[in-house]
Structures are given as C-alpha cells and as structure tokens.
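Presented below is the structure to which this report refers.
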Amino acid sequence: MSQMQLKKIVIAGTPGAGKTTFIRSISQIKTVSTERRATDKTSLLKSHTTVGMDFGKMKIYDDLVLHLYGTPGQSRFNFMWEVLITKADAYMLLVAANRPQEFQEVRQIMNFMNRLVTIPMIVGLTHIDSENALSPLQVATELGFDDPRKKPPFVTLNATSPQSIKKALIALLKHLKAQQIQNQSLQLADGRQNNKMIHYDRAQKRFRKSDFLKTGFCLH
Ligand SMILES: Nc1nc2c(ncn2[C@@H]2O[C@H](COP(=O)(O)OP(=O)(O)O)[C@@H](O)[C@H]2O)c(=O)[nH]1
Ligand SMILES: [Mg+2]
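Positions 41 to 260 (this note's numbering) are the ones given, in order, by the sequence shown.
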C-alpha cells in the first residue's frame, strides 16, 4: 500500500502577478478567496485584491493532494505571508515579466520568505504574453541571480491557462522531490524524470497518474 501524501504549496508574488487566478484556474474545489475592492495603488492595476489568502485543492492522483495557498500581494499583509510560508512544503513566486518596476518588491518578498524558511522554490513568470514582457534570462538578471548555482528554476506560465499551470506545478514538484532526495543523500531513480507527455483531463480537472509517476513522487 502506498502512503497518501499532502503537499502544501504557497503561491506568492506582487499584486496582479496572477496568484488568485492561478488557484482559481486549477482548483478542484470551489476556491476560498478573500478579495476586497482595492483602494490603494493596487486599484490602478485591478479592481479587487486579496486581503487574506486564496485557498484551493488539487488531487494529483489518489496518493498525492496539493493544498494551494495564495498570499495577499501587498507587504502590509506580510503577517499572512509568515503564517502561510512557515507551514509550506514549497513555494512558487509569481513574477509579472512585464513589470520590472516591481522587481524590487519581488526581491523583498523573496528575502522575507528566505529569512523564515529554507524550502524549495521556483519562479513562475506570468504576463509573458504582454508585448513588454522581459525574457526569463533578463528577469533572472534583474532579480540578481547572477550565480547560476544559486538561481532557482524559472518557468513561464499564464495564470488563466490550466495547461500552463500544470506544467509549472510539475516543475515545482520535481524541484521539491529533487531537493528531498538531495537532503536524504539518495540517488535519483533512473528514467523517472523523463516528462515528455503530460495529459490534463479538463472534465475532471486532474492530471493522469502516469504523468506524476514521472515526477518521482510515487512511493510504490
Ligand atoms: N494576459 C495575462 N493576464 C494574466 C496573466 N496572469 C494573470 N493575469 C490577469 O491578471 C489579473 C490579476 O490577476 P490576479 O490573479 O488577481 O493577481 P493576484 O493579485 O496575484 O492575485 C487578472 O485579470 C488575471 O486574469 C497572464 O499570464 N497573462
Ligand atoms: Mg489575489
């Protein structure tokens, strides 16, 4: 018998990066959201903003369930960042690739998280469909990842597209697994990382089990 696994994943990022949309697009339960009308500078970007958190669930297959927590973007809610990140197994930092003026704020979020926890993280670049979007390499440089050994994995996604979210989550799970294996000084099982075909069942909002075996999460 295999063991059921639950992974808590935090989706962080500046206001408007796509956190709420990400969780709504992929959750298999009706998401819990704490959106209120934006009154500060965020209102220039969008009408509503998350003030508590977003919560969604996603069953990858019977043995692996993800709980997805979206942070409120604004730093005045950083007490919530702490509540969420200290319980997380891994996090994805969403960065709007078309808004370099926010990269300083992105770095502050990263520093805040890294002071509290040492957990696997990846950067998810959103708004790459915008004509002003910077390339992943440009964003990595702007965020100060000059040393390739210290650079987290970068993925691109559109928070309105479940397909692209799926790929981003797979990248995060693979990174999480790789870190766990590294921590345990274990060898990666051969051939498991091959991840060519990924099928998403739109009706059931779930991935095919076989795809996730390839992430190495399968214990049986
Ligand atoms: N064009 C485009 N729009 C996006 C993308 N990601 C998010 N959005 C939109 O950006 C807006 C802000 O997203 P939201 O989820 O509220 O951001 P949050 O503040 O991080 O929760 C929404 O209208 C989303 O539909 C993307 O990759 N491309
Ligand atoms: Mg939000």
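Every residue gets a Cβ at the ideal spot worked out from N, C-alpha and C, and that includes glycine.
Note that this is a predicted model, so its numbers are computed, not measured.
Next item on the list: Say yes only if the C-beta of residue 112 is nearer than 8 angstroms to one or more non-hydrogen atoms of ligand 3, and no if none qualify.
Entry: The model depicted lacks ligand 3 and carries ligand 1 and ligand 2 instead.
Note to self: Closer than 8 angstroms to a non-hydrogen atom of ligand 2 - does that hold for the CB of residue 200?
What the structure shows: Here residue 200 is taken as the residue at index 160 of the sequence shown, counted from 1. Because no heavy atom of ligand 2 lies under 8 angstroms away, the Cβ of residue 200 does not count as near it: no.
Note to self: Give me, in chain order, the residues of the same chain whose beta-carbon lies closer than 7 angstroms to that of residue 180; leave out the 5 immediate sequence neighbours on both sides.
What the structure shows: Your numbering for residue 180 matches position 140 in the sequence shown. Residues 191, 194 of the same chain have their beta carbon placed closer than 7 angstroms to that of residue 180, with the five preceding and five following residues left out of the count.
Next item on the list: Let me know if residue 69 comes out buried or exposed under the rule of 16 or more other beta-carbons within 10 Å of its beta-carbon.
Entry: Translated into the one-based positions of the sequence shown, residue 69 becomes position 29. Exposed.
Margin query: Please state the DSSP three-state secondary structure of residue 149.
Written below: Numbered from 1 along the sequence shown, position 109 holds the residue referred to as residue 149. Assignment of residue 149 by DSSP, reduced to helix, strand and coil, places it in the helix class.
Item checked: Sequence ranges, alpha helix (DSSP H) only - wholly within the stretch 45 to 130, length at least 4 -> 59 to 66, 118 to 125
Notebook entry, point to check: Is the stretch 137 to 156 touching the stretch 48 to 60 in the sense that three or more CB pairs, one from each, lie closer than 8 angstroms?
Noted result: These segments touch.
Next item on the list: Report whether the distance from the Cβ of residue 56 to the nearest heavy atom of ligand 1 is below 8 angstroms.
Entry: Taking the first residue of the sequence shown as position 1, residue 56 is located at position 16. Result yes, Cβ under 8 angstroms from ligand 1.
Item checked: heavy atom of ligand 2 below 8 angstroms from residue 59 C-beta -> Counted from its first residue, the sequence shown places residue 59 at position 19. Under cutoff, so the answer is yes.
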